[in-house]
Ligand SMILES: Cc1cc2nc3c(=O)[nH]c(=O)nc-3n(C[C@H](O)[C@H](O)[C@H](O)COP(=O)(O)OP(=O)(O)OC[C@H]3O[C@@H](n4cnc5c(N)ncnc54)[C@H](O)[C@@H]3O)c2cc1C
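Residue numbers (the numbering used here), protein chains in the order written: chain A, 1 to 750; chain B, 1001 to 1297.
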C-alpha cells in the first residue's frame, strides 16, 4: 500500500467540531415535527410496591391530554434491556425501584403532560425493599425477582489458590468499596417518534446503538425490525448510558397509539433517577506473593449491586472477574463475581464496565505489596507484568501488542519527575504520588463481536461509508474516514459517513466497549481494500499491467506517467459506482462457565497512570496537582481525538476518585448537578501529560486498537494510591470526599 | 421533575410605590424577583407558585453603590459581581469583595443580587458572614414607612427573615476601623466556587497600636446553624488576648463547640462541619496574625 502513513496518524480536525462549538449541531430536542405532542413518564416513588390500580380518569380530562398509556397498552413485548431484557417498559404489576416507569402521559404541550401526570392516581401496595447487596444475598431477604437476588455468579478458576496462599511469604487481604456513578452526559436521553403512512415507525434518537433502539421498538410494537427506522441525531455523550432505549420506546408507544409524532425527553433529575449507573462494588481481595514480590495467587469475591434489573450486570461482573488479575500474571486464580439485585436504580454499562472497580482494589493491594516487600511500586508491578508469553486471568496469551513494561518505565519517569515536588508541599498539606495500572479486553466479553462496513467509491473519486457504529462525540467518524482515505487515496473531505440511520448502515453492535476503532476500523479497511483491488484490477486489464504496479490517488489510477480517471474507467466497464462489503470479527474462544477460561477478545489495551496529589490536613480536601497518563493505542490514527479521549477520561476518573456518588435513600437523593458533583475546570490538574505508546496490534486496522475506556480505568486507583501515600493510611472506599479523608486522617480505623 | 417554567405574570415597576401597589393588588400572591437565581430554580422545582413575579431591578432606590459620610450603601438589586469589583468596596471592604468574588460562578455573580442573597436567608449565603462581621444593617421599606434592622437580627430561620410585606432596599456598612482586616474562608465539596458551601467563616479584627493583642474581634459562621451567626464565644476568647497561636486554637474550639450548631445533610455531617469550623476559624485567625506581622515589617 503506497500511501500508508499519509493520513493515518495525522491530527485532522473532526467535522462535527466547529458546529458543536458554534452551537449549530442539532440534537433530538431541536427537532420539531408538525403536530408533534409530548410525553412524560410517571415513575414510582417507592422502591418496591405492587401496582394495585392506575386511575387516569382525571388526567385524561386535563386540557390538552391525549392519552395516558400503561402496561396494558403495549401491543408487543413489555420488556427492555441492553443484553438481558428484564426491565418492563411500563410496570404492570410490580415496581422494583423508585423511578421505575408505570405510565406515560401524552399531551399537546410538555406542561400539560406534566400537569396531567400529577393527576394520575396510582394505588400502590408498598412492599418491603432490600437496598443493600450484601443483605440481599442473605436468606429471607425480600426478593427483587422470583428467581432470587443473585442475578449472576461468574467464576474464574486456575490452579490451587488455597495451597498457593498457604505457601506465600506475603498474604494481603482487604475489603474495598466503590460507589454508584452517573454518566452525566451533557445531553439527557430523548427521542422523537413518528408513524409513517406505510405502517412503519421512524425514531430520531439520542443513542449509542440505533439498531438496538430498532430492535426494542419492534419488539414492543410487534413490528418487523425492517419497518422500524432509527436515525441517530447528534448525540451529546453516551458513556454506556444510552444503550437501553426507554425514552425511545415511550415516544414510539405514544406515536403508535395516538398517530401523532411524539417527543419524550428526560429532564436532568429524571435522567439521574432512572437511567442506569456504574455498579457499586464490595470487593474482598486476597493476594499471595513471594518475599521478592512475585504474585502467586489471588482470591476475590466481587459483589456488584446491579439494582433492580440485570440487563448489563451479568456482562459487567464477567468483565471484572475476567480482569481480576489486572495487567499482571498471577498463576493461581479463584474469583467469584456476583451481580446482585436490590430495589435500587439499575446499574449497567458505564465507561469502564467493571474495570475501574477491580483496578482500584487490585492496585491498592499492589501498593501494599510494594511496601511489604520493600520495593518501589513500579518495580513490584514490573516483576509481575504481562508480556507476550504470559496468560491473562482467562488463560489467554496475547501474542503481540503488550507494551505494558515499556509503559511502566515511562510511568516511572513521570512519577520520578513528581518526586522533587514532594518536599515542596505547603504547610498543612500532605503530598503523595500514586500509580495505577489496568488492562482491558476490546469488545464484548461474553460473546464475539462483529462489525460490517459498506464502502462505495463514486466515479468522481468520492467515497461513502455505511457502518452502524455511531459517533457520540468521541470521534469515530473521523477515524473511519481516515482509514478509508488511507486505503483509497482520497482526501478525508471527500468521504461521507453514513452511520446514523438503520436503513442504510449495517448493525455493528453498540458504540461501546472501546470497540469501534478495532472492529469498524477493520471492517472499513477491509471493504475499502476490496474496492481498491477491484478498481486496480479493472485498470490493470485496460492498461495492460499488473494491478500491483498501479496507484489510486485522487480519483485517478496511475501507472508510471499514464493515468486513467475513475470516471473513464467506470464508464468503460459499465460501473456506476463500486461497492464492497466486508466484516471483521476477531478470533475468540468462549469462556468456560466453570473456570472462566477462554480467549475473551482479539486484543487488549493497557493503561499506566501516575498522580501527584495534595491532601489538606485540616479539611481532608484532595487536590490532584499533576497527572501523567501513558496510553496504549496500538497505532495512532488521529492524535487530536486520542488526546481528547485521554483528558476527558482522566477528568471523569478524577470525579470517580474524589466527588461523584449517586446516593440512594429510597430513590436517588442527589439528582442534580448541585449535589451530584462532577469535576469542573477548577478541579483540572495543573498538568495532565499524555504519552502514547505505539506497539502495533497485528490484527488491528493499521495496527490500531481500542483504548478509550482505559483512559479512565486506573484513575481511581492512581489517585487513591497517591492519597494513601500522602496520609499514610490505606483508602478502601471511593469517592475520597474531604469528609472521608478527614476521617482517615483523624481516626484511621474508621 | 418539571421541564419547563410554569406560567406566571411578570411586572417590572419603575418605582417602589408601584411595586407596593402591585403587591397589594395581587394580595401577596407574588414573588419579588431580583437576579432570579433562587426564584427561577424554585419555580421550576415547583417549590414556589406565585401568580406574578415583580422584578425590582428597575427601582432606582435598589441600585447603586454609594459611599457617604463613612457609611457604604449597597443597593439591594446590585449584582454581587458588580459589588465585588467595585473600587470603593475593594478598597474599603476587601473582605466583602473577596467573599462575593466566590459567590457562585461568574455567570451566577452577574445575575445574583446582594439583596436576593440575604432575603433568601440560606444559612450558607456567602455574603452573610462577612456582612455580619462588618456590622451591616439593612433598610427595609414598606408602604407604611421604613426601618433599619441590624443584619444580625434579620434572619429568623432557614428561608425566614423579619421581612414583612417589605422590600429590602439597601445594605449599609458603617465605616470600619481603619486598621481592621478580614478573611473569608469557604469550604466547598470541590474546587469550583459555585458550590453551596459545607462551612464558611468570616473573621474581622483590629489589633492594638503595637500589634500585640487582638482588639475588636468579630467572627461569623455560615452553614452551621439555622441562620448565619456571629461566634460570640470565640470572639470573647480572642478579645484583648495576645496575638499568637494558642488563643486562636482556643477560640476556634469554642466556635465549633459553643457557637456552631450544625446539622447533617447531603453536603456533610454535623461532626465534620463542627470540625471544619474549628479548622477554618483557626486558619483565619492565624492568617490575620501573619498578615499583621508581615505588614508590620
Ligand atoms: C448555580 C448556582 C450557584 C450558586 N452558588 C452560590 C454560592 O456559591 N453562594 C451563595 O451564597 N449562593 C449561591 N447561589 C444562590 C443564589 O445565586 C444567591 O443566593 C443569590 O445571591 C440570590 O440573589 P438573586 O438576586 O438571584 O435572588 P432572587 O432569586 O431574585 O431572589 C431570592 C429571594 O429573595 C427575595 N428577594 C430578592 N430581592 C429582594 C429584596 N430586595 N427585598 C426583599 N426580598 C427580596 C425573592 O423574593 C426571593 O425569595 C447559587 C445559585 C445557583 C443557581
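Think of the CB as a built atom: it goes at the ideal place given N, C-alpha and C, for glycine as much as any other residue.
Leaving out the 5 sequence neighbours to the left and right, which residues in its chain are closer than 6 Å to residue i when beta-carbon positions are compared?
i, result
"residue 319 of chain A", "353, 354 and 445"
"residue 395 of chain A", "597"
"residue 1286 of chain B", "1248"
"residue 439 of chain A", "327, 604 and 606"
"residue 260 of chain A", "35 and 37"
"residue 1373 of chain B", "Because chain B here runs from 1001 to 1297, residue 1373 of chain B falls outside it and cannot be looked at."
"residue 283 of chain A", "176, 302 and 361"
"residue 9 of chain A", "636"
Can a CB atom of chain A be found closer than 8 Å to the CB of residue i?
i, result
"residue 1106 of chain B", "no"
"residue 1001 of chain B", "Interpretation of residue 1001 of chain B is limited by its pLDDT of 47, a score under 50 that renders its predicted location unreliable; no figure is taken from the coordinates."
"residue 1025 of chain B", "no"
"residue 1123 of chain B", "no"
"residue 1219 of chain B", "no"
"residue 1142 of chain B", "no"
"residue 1189 of chain B", "yes"
"residue 1014 of chain B", "no"
"residue 1222 of chain B", "no"
"residue 1272 of chain B", "yes"
"residue 1295 of chain B", "no"
"residue 1283 of chain B", "yes"
"residue 1201 of chain B", "no"
"residue 1244 of chain B", "no"
"residue 1192 of chain B", "yes"
"residue 1251 of chain B", "no"
"residue 961 of chain B", "Since the first residue shown for chain B is 1001 and the last is 1297, residue 961 of chain B is missing from the structure and cannot be characterised."
My guess is that residue i and residue j are in contact by the Cβ rule of under 8 Å, so how many angstroms apart are they, rounded?
i, j, result
"residue 1100 of chain B", "residue 1138 of chain B", "16 Å between Cβ atoms; not a contact."
"residue 1212 of chain B", "residue 1177 of chain B", "Not really, about 16 Å apart at Cβ, beyond 8 Å."
At a Cβ threshold of 8 Å, is residue i touching chain B?
i, result
"residue 111 of chain A", "yes"
"residue 739 of chain A", "yes"
"residue 16 of chain A", "no"
"residue 1 of chain A", "Residue placement at residue 1 of chain A cannot be trusted, given a pLDDT of 40 that sits under 50; the coordinates are not used to answer."
"residue 618 of chain A", "yes"
"residue 632 of chain A", "no"
"residue 46 of chain A", "no"
"residue 742 of chain A", "yes"
"residue 732 of chain A", "no"
"residue 747 of chain A", "no"
Can you find the residues in the same chain that come closer than 7 Å, C-beta to C-beta, to residue i, ignoring five residues on each side of it along the sequence?
i, result
"residue 325 of chain A", "298, 333, 392 and 393"
"residue 623 of chain A", "613 and 614"
"residue 494 of chain A", "461, 462 and 463"
What does a CB cutoff of less than 8 Å around residue i pick up in its chain, not counting 5 residues either side in sequence?
i, result
"residue 739 of chain A", "620"
"residue 1022 of chain B", "1011, 1013, 1030, 1052 and 1054"
"residue 390 of chain A", "329 and 397"
"residue 1008 of chain B", "1043, 1050, 1051, 1052 and 1053"
Quiz item: Between the region 387 to 401 of chain A and the region 553 to 572 of chain A, do at least 3 Cβ pairs fall closer than 8 Å?
Solution: no
Quiz item: At a Cβ cut of 8 Å, what residues of the region 647 to 681 of chain A count as close to chain B, listed as they run along the chain?
Solution: 658, 659, 663, 669, 670, 674, 675, 677, 679, 680 and 681
Quiz item: Is the region 26 to 37 of chain A close to the region 224 to 241 of chain A, with three or more CB pairs under 8 Å?
Solution: yes
Quiz item: Counting Cβ pairs closer than 8 Å, one from the region 30 to 42 of chain A and one from the region 242 to 256 of chain A, do we hit at least three?
Solution: yes
Quiz item: Name the residues in the region 240 to 257 of chain A whose C-beta lies less than 8 Å from a C-beta of chain B; which are they?
Solution: none
Quiz prompt | Residues within the region 1170 to 1186 of chain B neighbouring chain A, beta-carbon criterion of under 9 Å | solution = none
Quiz item: Which of the residues in the region 1082 to 1113 of chain B, read from start to end, lie with their CB under 7 Å from any CB of chain A?
Solution: none
Quiz item: Okay, do the region 513 to 521 of chain A and the region 699 to 715 of chain A touch, 3+ Cβ pairs below 8 Å being the bar?
Solution: yes
Practice problem: Could you list the residues in the region 680 to 704 of chain A with a C-beta less than 8 Å from some C-beta on chain B, going in chain order? | Solution: 680, 681, 682 and 683
Quiz item: Do three or more CB pairs link the region 419 to 429 of chain A to the region 491 to 509 of chain A at distances below 8 Å?
Solution: no
Practice problem: Give a yes or no on contact between the region 638 to 647 of chain A and the region 264 to 271 of chain A, applying the rule of three or more CB pairs nearer than 8 Å. | Solution: no
Quiz item: Counting pairs of beta carbons, one from the region 676 to 684 of chain A and one from the region 652 to 662 of chain A, are three or more of them closer than 8 Å?
Solution: yes
Practice problem: Could you tell me whether the region 588 to 597 of chain A touches the region 474 to 494 of chain A, using the rule of 3 or more Cβ pairs below 8 Å? | Solution: no
Quiz item: Can we say the region 126 to 144 of chain A touches the region 331 to 348 of chain A, given the rule of at least three CB pairs closer than 8 Å?
Solution: yes
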